Amino acid sequence: MEPAGFRLVIRPDLWGLRGVTGVEGMISRKPRKRDPEGRRLAWWLLSPSVVLILAVVIGPLLFAFYLSFHEAEPMVGGINTRFVGLANYVYYFAQSDLFWPAVRVTVYFTVVSLLVELVLGIAMALVLNAKFVGRSFVRAIILLPWALPTVVNARMWEWIFAGSKFGALNGLMKVLHVFPPTYDQVWLGFDVPFESVPVLGPFLKWMGVTRALNIIIIADTWKVTPLVVLLVLAGLQTIPESLYEAATVDGAGFWRKLTRITLPLLKPVLLVVLVLRTMELFRVFDIIYIIMQYSIRVLGVLTYEVGMKFLHFGSGAALSFLVALFILGLALVYIRLFYTEEGY
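Our numbering applies: residue 1 is where the sequence shown begins, and numbers increase by one.
Structural data, given as structure tokens:
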């Protein structure tokens, strides 16, 4: 039997040992002594966090999963439940008049917001990665929109696009003599953009796109794009400058460097951005509800309306798990598209 340890084979082609056919050595490794006291201490230190997570996250999650298979209505002293199996899930797929329109609006909101944030985020990160006077100051102030609470951001944009004489944009248009003094544009309206354009207009109407929805996309993009810039900028700083220098010597221009060096090496960062933002956009609730209440029904607003306004806890729980399944499916698609044999 060989002594305890492991065999180390030093290959000449890897270590530069020219003329040496092979070197074989034995490095003994002492077995680690178990430290039961240390492990016990670690468990004691971790137990408060574990209990808190189980109580705050896992417990309500399991209870919501239980409710999704029941017809649950509030009653004095608790909740009256009746087992209905998959009826809550089947209802949304086959019978609900609100579910699929909400899915279409959510998909539009997610896709458009994500594309705009990615394009702006990558472009701004490329600019901030270059050397110029005041770069540190610009990097600092660009994060201010992201630092704003969502409620403050929503109320600010609601005031800007208010369809009255008190709206900031209407006031600016009057000062610039674009609008007459007596005219007030209703910015947060429900008219469909490009409605008169063949094919595009009917498609946008079918998707549930309105002017108000596009304005909310602007508000959300303004707040979250700095986060995308921060993540992409961190990824850019890990790319060796020597790659760009070699590409310059080979005659590569900006576009070729971007498509052959920058974007491929940013795949891990872009995957994180895609998964993170898709999760947040697909379950968006706060900014839409603050500005438009129930007027724009994305899946997050519909879930809140069913569960908290009409108090159908079982149906609301089922809808929340359907949203989670949609997000999980999209995350798996992203990982499959970005994954390679090298890792990403």
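Heads up, the beta-carbon is just placed ideally off N, CA and C, and yes, glycines get one too. The structure displayed is predicted, hence computed values, not measured ones.
Asked	Found
When you compare the stretch 194-208 with the stretch 229-241, are there three or more beta-carbon pairs, one atom per stretch, that lie closer than 8 Å?	no
Let me know the secondary structure DSSP gives Thr81 once reduced to three states.	strand
Using a Cβ distance threshold of 8 Å, determine whether the stretch 42-49 contacts the stretch 294-305, with at least three qualifying pairs required.	no
Could you tell me the distance, in whole angstroms, from the CA atom of Gly96 to the CA atom of Ala147?	Going by the sequence as given, residue 96 is Ser instead of Gly. Cα-Cα distance, rounded: 38 Å.
Does the separation of the CB atoms of Leu322 and Tyr92 fall below 9 Å?	yes
On the DSSP bridge list, what partners appear for His70?	Phe83
State the Cα-Cα distance for the pair Pro145 and Val119, rounded to the nearest angstrom.	17 Å
Ordered along the chain, which non-local residues of its own chain (more than five positions away) have a Cβ less than 6 Å from that of Gly22?	No answer about Gly22 holds up, because its pLDDT of 42 lies below 50 and its placement is not dependable.
Would you tell me roughly how many angstroms separate the C-alpha atoms of Phe179 and Phe166, rounded to the nearest one?	14 Å
If I follow the unbroken alpha helix (DSSP H) through Ala318, where does it start and stop?	Phe313 to Phe338
Label Met308 either buried or exposed according to how many other C-beta atoms from any shown protein chain fall within 10 Å of its C-beta, with 16 as the threshold for buried.	exposed
Give the straight-line distance between the Cα atoms of Val103 and Val192, rounded to the nearest whole angstrom.	18 Å
Name the residue from Ile142, Glu73, Leu128 and Gly78 whose alpha carbon lies nearest to the alpha carbon of Pro226.	Ile142
Below 8 Å on the Cβ atoms is my guess for Ala168 versus Ile160; work out the distance and round it to an integer in Å.	5 Å
Report the partner residues of Met75 according to the DSSP bridge assignment.	Gly78
Compare the C-alpha of Val273 against each of Ser113, Gly253 and Trp157 and name the closest.	Ser113
Helix or strand or just coil, what does DSSP make of Arg18?	Note that Arg18 scores a pLDDT of 45, beneath 50, so its modelled location is shaky; the value from the coordinates is reported in the next line. Three-state DSSP puts Arg18 in coil, outside helix and strand.
Measuring straight from C-alpha to C-alpha, what distance separates Tyr244 and Leu258?	10 Å
Whole-angstrom Cβ separation of Asp220 and Ile290, contact assumed at under 8 Å?	No, Asp220 and Ile290 are not in contact; Cβ-Cβ is about 11 Å, not under 8 Å.
Would you tell me roughly how many angstroms separate the C-alpha atoms of Val306 and Arg82, rounded to the nearest one?	17 Å
Sorted by chain position, which residues of the same chain lie with C-beta nearer than 6 Å to Gly201's C-beta, five sequence neighbours on each side aside?	Phe194 and Glu195
Beta-carbon within less than 6 Å of Thr150's beta-carbon, same chain only, minus the 5 sequence neighbours each way: which residues are those?	Asp286 and Ile287
Tell me which residues share the same chain as Arg256 and place their Cβ nearer than 8 Å to its Cβ, disregarding the 5 neighbours each side in the sequence.	Ala247
Is the Cβ-Cβ distance between Val269 and Phe109 less than 9 Å?	no
Would you say Tyr334 and Leu271 are within 9 Å of each other, going by their C-beta atoms?	yes
Out of Ala324, Gln237, Val56 and Leu276, which one is the CA nearest neighbour of Val224?	Leu276
In chain order, what residues of the same chain have a beta carbon less than 6 Å from the beta carbon of Thr278, not counting five sequence neighbours either side?	Leu330
Cα-Cα, which of Asp250, Ala42 and Gly235 is closest to Leu266?	Gly235
Exposed or buried, which one is Asn170 when buried takes at least 16 other CB atoms within 10 Å?	buried
Could you check if Gly407 is buried or exposed, using at least 16 other CB atoms within 10 Å of its CB as the buried criterion?	Shown here, the chain extends from 1 to 344; a query on residue 407 therefore has no answer.
What's the C-alpha gap between His177 and Leu213?	27 Å
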